[in-house]
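Chemist: No gaps in the numbering here: position 83 of the sequence shown is 119 in the numbering used here, and each next residue is one more.
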Amino acid sequence: MLDHVTAVRYVTPLREGGSMPGVVEADDLGTYVVKFRGAGQGLKVLVTEVIVGELARRLGLPVPRMVTIDLPPAIARYEADEEVQDLLNASPGTNLGVDLLPGSLGYDGSRPPDPALASRILWLDAFTANVDRTWSNPNLLTWHRETWLIDHGAALYFHHSWPSKAPNPERFAQQAYRADDHVLGGVADDLPAAHAELSARVTPDLVGEVLDQVPEDWLETTTELTDAQAVRTAYCEHLRARLDNPGAWLPGGGS
Numbered sequence: 037m038l039d040h041v042t043a044v045r046y047v048t049p050l051r052e053g054g055s056m057p058g059v060v061e062a063d064d065l066g067t068y069v070v071k072f073r074g075a076g077q078g079l080k081v082l083v084t085e086v087i088v089g090e091l092a093r094r095l096g097l098p099v100p101r102m103v104t105i106d107l108p109p110a111i112a113r114y115e116a117d118e119e120v121q122d123l124l125n126a127s128p129g130t131n132l133g134v135d136l137l138p139g140s141l142g143y144d145g146s147r148p149p150d151p152a153l154a155s156r157i158l159w160l161d162a163f164t165a166n167v168d169r170t171w172s173n174p175n176l177l178t179w180h181r182e183t184w185l186i187d188h189g190a191a192l193y194f195h196h197s198w199p200s201k202a203p204n205p206e207r208f209a210q211q212a213y214r215a216d217d218h219v220l221g222g223v224a225d226d227l228p229a230a231h232a233e234l235s236a237r238v239t240p241d242l243v244g245e246v247l248d249q250v251p252e253d254w255l256e257t258t259t260e261l262t263d264a265q266a267v268r269t270a271y272c273e274h275l276r277a278r279l280d281n282p283g284a285w286l287p288g289g290g291s
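(1) Alpha carbon to alpha carbon, what distance is there between ASP187 and THR258?
(2) At which residue ranges does the segment 179 to 260 contain complete beta strand (DSSP E) runs of 3 or more residues, listed in the order of the chain?
(3) If we count the other Cβ atoms within 10 Å of its Cβ and call it buried at 16 or more, is LEU247 buried or exposed?
(4) PRO251: which of THR130, GLN77, ALA152 sits nearest, CA to CA?
(5) Check whether the segment 40 to 53 touches the segment 104 to 122, taking contact to mean three or more Cβ pairs, one atom from each stretch, closer than 8 Å.
(6) Can you grab the Cα-Cα spacing for the pair VAL99 / LEU185, in whole Å?
(7) Could you please give the first and the last residue of the uninterrupted beta strand (DSSP E) stretch that includes VAL167?
(8) Using DSSP's beta-bridge definition, name the partner residues of ILE111.
(9) Is the separation between the beta-carbon of VAL86 and that of LEU136 shorter than 8 Å?
(10) Is VAL267 near GLY189, with beta carbons less than 8 Å apart?
(11) What are the boundary residues of the alpha helix (DSSP H) that includes THR84?
(12) Looking at the structure shown, is ARG276 part of a helix, part of a strand, or coil, going by DSSP?
Laid out in structure tokens, this is it:
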């Protein structure tokens, strides 16, 4: 599981995102950007953040450290902003904390990653169907002259059809990925090489380790997926089916 900490002070909201994450200090002396379980986008976004972020970490891509962070109910008591207070009151329990990178800047293309890293990032986004890494919302930071990946909640969108539809790994495996608007599309230069390297590392054991990082109470059961392990298995099956069919989603095709 992810490391677990407890929030001791809410610092400030970050109003750039639709879910209004906030900067929070924790009892480990760390400062985190917290994505709240009570936000309108729901728990599935937190699940996606962990799956894609931890997958990226295990593939050697630069992502900030993630923790689960307990939010005591009393933390909202001294918050004057009613919107923030409502969000905090809706989020007691386990939330997601992402290590704050102090002094980082939003990616503007002035200091792009090297083409190999850009190719690996684009591969990850195509594999996980991340539709939200465009110039309108790059979801990249520049920190210490390196490019860091953040905000993966728009990936793995298939789970938003649960429980109204049964899991369908084959359908997800066939979903094409358009790289035309990808923020690194003009920098990535060798997707076939990135695919050959990274796909070989996405083994069932690795995917299982990643899924084990997701807190059980974030995994929403359905009629077909009756317990947390069944939900984890469904995610594994979707990722495996997609990995086995790169010709459908890898920009430029795959084999």
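The beta-carbon is built from N, C-alpha and C at its ideal position, and this holds for glycine as well.
Modeler: Taking the structure as given:
(1) Locating residue 258 in the sequence shown gives position 222, counting from the first residue. Locating residue 187 in the sequence shown gives position 151, counting from the first residue. Roughly 26 Å between the two C-alpha positions.
(2) If we require 3 residues or more, the beta strand (DSSP E) runs fully inside the segment 179 to 260 come out as 182 to 185.
(3) As a first step, residue 247 must be located in the sequence shown, where it is residue number 211. Of the residues assessed, LEU247 falls on the buried side of the cut-off, its CB having 16 or more other CB atoms within 10 angstroms.
(4) Within the sequence shown, residue 251 is the residue found at index 215, counting from 1. Among THR130, GLN77, ALA152, the Cα nearest to that of PRO251 is on THR130.
(5) Counting Cβ pairs under 8 Å, three or more are found: they touch.
(6) Within the sequence shown, the letter at position 63 stands for residue 99. Within the sequence shown, the letter at position 149 stands for residue 185. For VAL99 and LEU185, the distance between alpha carbons rounds to 5 Å.
(7) By 1-based counting over the sequence shown, the position of residue 167 is 131. Looking at the DSSP string, VAL167 is not in any beta strand (DSSP E), and its letter there is neither H nor E.
(8) The residue given as residue 111 occupies position 75 in the sequence shown. ILE111 is bridged by DSSP to nothing; it lacks a bridge partner.
(9) Reading the sequence shown from its first residue, position 50 is the one you call residue 86. Reading the sequence shown from its first residue, position 100 is the one you call residue 136. No. Outside cutoff.
(10) Taking the sequence shown and counting its residues from 1, one reaches residue 267 at position 231. Taking the sequence shown and counting its residues from 1, one reaches residue 189 at position 153. Result no, Cβ atoms of VAL267 and GLY189 do not sit closer than 8 Å.
(11) In the sequence shown, the residue the question calls residue 84 occupies position 48. THR84: member of the alpha helix (DSSP H) spanning 79 to 94, first to last residue.
(12) Within the sequence shown, numbered from 1, the residue matching residue 276 stands at position 240. Reduced to three states, the DSSP call for ARG276 is helix.
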